[in-house]
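*Asks:* Chains as they are written, first to last, in my numbering: chain A, 25 to 286; chain B, 25 to 286.
From the three backbone atoms N, C-alpha and C, an ideal C-beta is built for every residue, glycine too.
The structure follows.
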DNA sequence: TAGATTGTTAATCGATTAACAATC
DNA sequence: TAGATTGTTAATCGATTAACAATC
């Protein structure tokens with residue numbers, strides 16, 4: 025989904041190589057860019073959310089144990105993750121909440137609110153357009169686009185739906201790099217191609233299909249039915265596990281079932 | 025999120041141990057339960073979706089290369105994943121589409137349609153209740169619940185919204201094991217507890233919080249803002265990478281930004 | 001100083017991948 | 001038989017975790 029760079033920052037004869045530095049300072053712009061494992065990146069937003077809770081509760085510091093518990097991970101993993109950002113904790117005390125919030129926001133690129141375009145204002149698109157969680161967590165929905173002329177002009181949270189024909193103009197106007205695709209599956213690939221051509225480099229895809237995009241474009245996919253199917257596997261396993269040791273007919277007793285119509 | 029069992033199916037003196045069997049037949053009910061890596065489980069729904077496309081296009085067989093491409097993975101990974109289900113391909117030919125669909129559906133527990141309860145019929149809940157993708161992929165939304173008396177009785181796709189006070193009765197009535205939480209974050213934990221007490225063992229959580237549930241209950245979380253924040257990290261990194269080698273001021277030129285109001 | 005807690009180490013575990021023998 | 005493609009091996013990589021020395 026996203027490419028990894030396994031380059032070693034400094035060669036064996038580099039005079040700085042003897043000083044281990046957890047940060048990759050290769051950018052040289054004063055903006056440090058740590059080399060972050062993907063698994064760590066995926067957890068940072070959860071830490072950030074938990075930290076905001078501690079901040080609202082008036083905590084000035086938080087221990088790795090408390091923060092990890094609030095984020096649903098173990099403390100060793102949390103400390104390992106945070107160590108990739110550098111050292112921002114104090115032994116015997118914990119982490120300064122405000123400092124850590126700032127550090128994570130900085131690493132995630134959330135110091136500035138990012139403009140997002142939402143394409144496909146149907147059932148789900150409507151819900152996403154009205155979702156307050158984006159605004160409070162670093163994003164601004166800057167454009168709504170739909171192919172149905174009947175929906176063009178409709179206002180959601182004060183923002184008017186534009187026709188998909190205006191996609192290129194709208195993206196240019198707002199300088200949008202991130203788009204959410206909530207169109208029918210048939211339209212998703214061609215919409216993605218137009219978005220990329222218009223400068224989008226990150227896509228969140230709700231359509232149940234694989235998008236083909238050029239290198240350098242990141243795609244994340246959310247498929248609601250897939251999530252349920254994964255849960256179904258675990259349901260199935262739990263039911264079988266309960267039935268097998270003693271052959272109990274009570275297995276899956278609570279499972280509601282009916283033939284699949286295919 | 026879900027516990028792993030690392031038990032070896034048979035001991036060193038087990039007479040069957042000399043015959044390697046990819047399937048864990050410990051269930052003894054004739055229902056084979058392969059020991060499946062979580063990463064594999066998470067990809068099976070994607071293979072299933074791709075297989076349905078091939079079936080609709082009239083293909084009777086499909087090669088690992090073609091199926092992997094349609095699912096967005098490489099063919100080695102696909103073959104490794106499918107090998108955990110047993111051997112269902114034919115060398116020189118590929119996989120029988122219909123057979124493989126049946127095998128994956130069987131492993132995922134999708135041979136019977138599963139009843140799902142949806143709690144929280146707000147913005148997002150409405151969209152989920154109207155989403156056709158659940159019905160076509162193995163699920164039936166059997167109950168809608170909300171705490172707002174003003175919403176009770178409203179019908180979505182012919183199903184009436186029930187009051188949350190009736191949660192226990194509704195879950196018992198439909199024998200529901202899987203629930204989707206789309207409530208405000210403040211309500212999510214207590215709703216989860218009531219669902220678990222009423223027999224739910226799998227939860228798909230859209231509320232931006234960590235749910236605490238007993239062992240044996242599986243929770244999957246979908247957080248839309250988290251997905252965007254992960255994309256934001258990659259946007260940030262791409263912009264920095266573009267600027268650092270030559271110090272170009274054009275870096276992040278396209279990034280729309282404004283101060284975060286916190 | 002004593003207690004608390006971080007940052008890091010090292011062992012372990014799970015997932016990915018290329019390559020190729022097996023075999024249709 | 002020749003060509004195609006699977007199933008498996010083995011090497012590699014990345015992620016997790018417990019433990020504890022460092023240190024506030």
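1. Can you look up residue 146 of chain B in the DSSP assignment and give me helix, strand or coil?
2. With a cut-off of 7 Å, does the C-beta of residue 175 of chain A fall near any C-beta of chain B?
3. Let me confirm a value: residue 117 of chain B is counted as buried when at least 16 other C-beta atoms fall within 10 Å, else exposed. Which label applies?
4. Could you give the uninterrupted runs of the alpha helix (DSSP H) lying entirely in the region 189–257 of chain B, keeping only those of 4 residues or more?
5. Would you kindly report the start and end of the unbroken beta strand (DSSP E) that includes residue 161 of chain A?
6. Taking Cβ positions, are residue 171 of chain A and residue 145 of chain A nearer each other than 7 Å?
7. Evaluate residue 225 of chain B with the Cβ neighbour count: other Cβ atoms within 10 Å of its Cβ, from every protein chain shown; 16 or more gives buried, anything less gives exposed.
8. Could you check what DSSP says for residue 60 of chain A in three-state terms: helix, strand or coil?
9. Excluding the five sequence neighbours on either side, which residues of its own chain have a C-beta within less than 8 Å of the C-beta of residue 201 of chain A, listed in chain order?
10. Just how far apart, CA to CA, sit residue 121 of chain B and residue 84 of chain B?
11. Quick one: which chain B residues come within Cβ less than 8 Å of residue 232 of chain A?
12. Please confirm whether residue 249 of chain A and residue 161 of chain B have their CB atoms less than 7 Å apart.
13. For the beta strand (DSSP E) containing residue 134 of chain B, name the first residue and the last one.
14. Is there a C-beta anywhere in chain A that falls below 7 Å from the one on residue 78 of chain B?
15. Less than 7 Å between CB atoms is the rule here; does residue 87 of chain A satisfy it with respect to chain B?
16. Quickly, what does DSSP pair residue 183 of chain B with across the bridge? List them, please.
17. Using a Cβ-Cβ distance under 7 Å, would residue 314 of chain A count as near chain B?
18. What does residue 169 of chain B touch in chain A if you count any residue whose Cβ is under 8 Å from its own?
19. Span of the alpha helix (DSSP H) holding residue 105 of chain A?
20. In chain B, which residues lie with their C-beta within 8 Å of the C-beta of residue 161 of chain A?
21. With 16 as the cutoff for other CB atoms within 10 Å, does residue 210 of chain B come out buried or exposed?
22. Counting only beta-carbon separations shorter than 7 Å, does residue 229 of chain B have a partner in chain A?
23. Return yes when the Cβ of residue 206 of chain B is within less than 7 Å of the Cβ of residue 149 of chain B, no when it is not.
24. Can you check whether the CB of residue 95 of chain A is closer than 7 Å to the CB of residue 74 of chain A?
25. Enumerate in chain order the residues of its own chain whose CB-to-CB distance from residue 186 of chain A is below 6 Å, with the five nearest sequence positions on each side excluded.
26. Would residue 257 of chain B pass as a contact of residue 132 of chain A if the rule is Cβ separation under 7 Å?
27. Determine the direct distance from the alpha carbon of residue 127 of chain A to that of residue 91 of chain A, and round the result to whole angstroms.
28. Would residue 108 of chain A and residue 58 of chain A be called neighbours here (beta carbons separated by less than 7 Å)?
29. From the DSSP output, in three-state form, read off residue 8 of chain B for me.
30. Chain A beta carbons: is any one of them nearer than 7 Å to that of residue 98 of chain B?
31. I'd like the span of the alpha helix (DSSP H) that includes residue 89 of chain A, first residue to last.
32. Using the beta-carbon of each residue, which ones in chain A are nearer than 9 Å to residue 131 of chain B?
33. Can you give me the Cβ contacts of residue 89 of chain A inside the same chain, cut-off strictly under 7 Å, excluding the 5 residues immediately before and after it?
34. Who are the neighbours of residue 61 of chain A on chain B, taking C-beta pairs under 9 Å?
35. May I ask which residues mark the beginning and end of the beta strand (DSSP E) holding residue 174 of chain A?
*Replies:* Taking the structure as given:
1. As a first step, residue 146 of chain B must be located in the second chain, where it is residue number 122. Note: residue 146 of chain B maps to coil in three-state DSSP.
2. Within the first chain, residue 175 of chain A is the residue found at index 151, counting from 1. Taking Cβ atoms only, chain B never reaches closer than 7 Å to residue 175 of chain A, which makes this a no.
3. As a working note, residue 117 of chain B is residue 93 in the second chain. Counting the other CB atoms within 10 Å of its CB gives residue 117 of chain B a total below 16, which places it among the exposed residues.
4. Whole alpha helix (DSSP H) segments, 4+ residues: 191–198, 209–221.
5. As a position in the first chain, residue 161 of chain A is number 137, starting the count at 1. Segment: none, residue 161 of chain A is in no beta strand (DSSP E) and carries neither H nor E.
6. Locating residue 171 of chain A in the first chain gives position 147, where the first residue counts as 1. Locating residue 145 of chain A in the first chain gives position 121, where the first residue counts as 1. No, the Cβ-Cβ distance between residue 171 of chain A and residue 145 of chain A is not below 7 Å.
7. The residue you call residue 225 of chain B lines up with position 201 of the second chain. The residue is buried, with at least 16 neighbouring Cβ atoms inside 10 Å.
8. If you number the first chain from 1, residue 60 of chain A lands on position 36. Reduced to three states, the DSSP call for residue 60 of chain A is coil.
9. Taking the first residue of the first chain as position 1, residue 201 of chain A is located at position 177. Around residue 201 of chain A: 138, 139, 223, 224, 225, 226.
10. Taking the second chain and counting its residues from 1, the one referred to as residue 121 of chain B is at position 97. Taking the second chain and counting its residues from 1, the one referred to as residue 84 of chain B is at position 60. Roughly 6 Å separates the two Cα atoms.
11. Looking up residue 232 of chain A in the first chain gives position 208. The contact set of residue 232 of chain A on chain B, defined by CB atoms closer than 8 Å, consists of 73, 157 in chain order.
12. By one-based count along the first chain, residue 249 of chain A stands at place 225. By one-based count along the second chain, residue 161 of chain B stands at place 137. Residue 161 of chain B is positioned such that its CB atom lies closer than 7 Å to that of residue 249 of chain A.
13. Counted from its first residue, the second chain places residue 134 of chain B at position 110. Unbroken run through residue 134 of chain B: none, as it is neither H nor E.
14. Here residue 78 of chain B corresponds to residue number 54 of the second chain, with the count starting at 1. No, its Cβ sits nowhere closer than 7 Å to a Cβ of chain A.
15. The sequence position of residue 87 of chain A within the first chain is 63, counting from 1. Residue 87 of chain A has a beta carbon lying at 7 Å or more from every beta carbon in chain B.
16. Sequence index remark: in the second chain, residue 183 of chain B carries index 159 (1-based). According to DSSP, which records beta bridges pairwise, residue 183 of chain B is partnered with B/180.
17. The structure shown does not extend to residue 314 of chain A, since chain A spans only 25 to 286, so no value can be given for it.
18. Sequence index remark: in the second chain, residue 169 of chain B carries index 145 (1-based). Chain-order list of chain A residues neighbouring residue 169 of chain B: empty, with the shortest C-beta distance near 16 Å, by a criterion of under 8 Å.
19. For the purposes of this step, residue 105 of chain A is taken as residue 81 along the first chain, with counting starting at 1. From DSSP, the alpha helix (DSSP H) with residue 105 of chain A extends over 99–107.
20. Here residue 161 of chain A is taken as the residue at index 137 of the first chain, counted from 1. Annotation: Cβ neighbours of residue 161 of chain A in chain B (cutoff 8 Å, chain order): 249, 252, 253.
21. As a first step, residue 210 of chain B is located in the second chain; it is residue number 186 there, counting from the start. Answer is exposed; the Cβ neighbour count stays below 16.
22. Indexing the second chain from 1 puts residue 229 of chain B at position 205. Against chain A, the CB of residue 229 of chain B has no partner CB under 7 Å away; the residue lies outside that interface.
23. As a first step, residue 149 of chain B must be located in the second chain, where it is residue number 125. As a first step, residue 206 of chain B must be located in the second chain, where it is residue number 182. The beta carbons of residue 149 of chain B and residue 206 of chain B sit closer together than 7 Å.
24. Here residue 74 of chain A refers to the residue found at position 50 of the first chain. Here residue 95 of chain A refers to the residue found at position 71 of the first chain. Contact: yes.
25. Residue 186 of chain A sits at position 162 when you count from the first residue of the first chain. For residue 186 of chain A, same chain residues with a beta-carbon under 6 Å away, outside a window of 5 residues either side, are 169, 194 in chain order.
26. Numbered from its first residue, the second chain carries residue 257 of chain B at position 233. Numbered from its first residue, the first chain carries residue 132 of chain A at position 108. Taking 7 Å as the Cβ cut-off, residue 257 of chain B and residue 132 of chain A qualify as a contacting pair.
27. Position 67 of the first chain holds residue 91 of chain A. Position 103 of the first chain holds residue 127 of chain A. Rounded to whole angstroms, residue 91 of chain A to residue 127 of chain A spans 15 Å at the Cα level.
28. Taking the first chain and counting its residues from 1, one reaches residue 108 of chain A at position 84. Taking the first chain and counting its residues from 1, one reaches residue 58 of chain A at position 34. Against a cut-off of 7 Å, the Cβ pair of residue 58 of chain A and residue 108 of chain A comes out as a contact.
29. Shown here, chain B extends from 25 to 286; a query on residue 8 of chain B therefore has no answer.
30. In the second chain, the residue the question calls residue 98 of chain B occupies position 74. So no, residue 98 of chain B is outside the interface.
31. For the purposes of this step, residue 89 of chain A is identified with residue 65 of the first chain, where counting begins at 1. From DSSP, the alpha helix (DSSP H) with residue 89 of chain A extends over 88–95.
32. As a first step, residue 131 of chain B is located in the second chain; it is residue number 107 there, counting from the start. Near residue 131 of chain B (Cβ distances below 9 Å), the residues of chain A are 257, 260.
33. Mapped onto the first chain, residue 89 of chain A falls at position 65. Closer than 7 Å at Cβ, skipping near neighbours: 99.
34. The residue labelled residue 61 of chain A in the question sits at position 37 within the first chain. Within 9 Å of the CB of residue 61 of chain A, no CB atom of chain B is found; the nearest one sits about 12 Å away.
35. The residue labelled residue 174 of chain A in the question sits at position 150 within the first chain. That residue, residue 174 of chain A, is in no beta strand (DSSP E); it is neither H nor E in DSSP.
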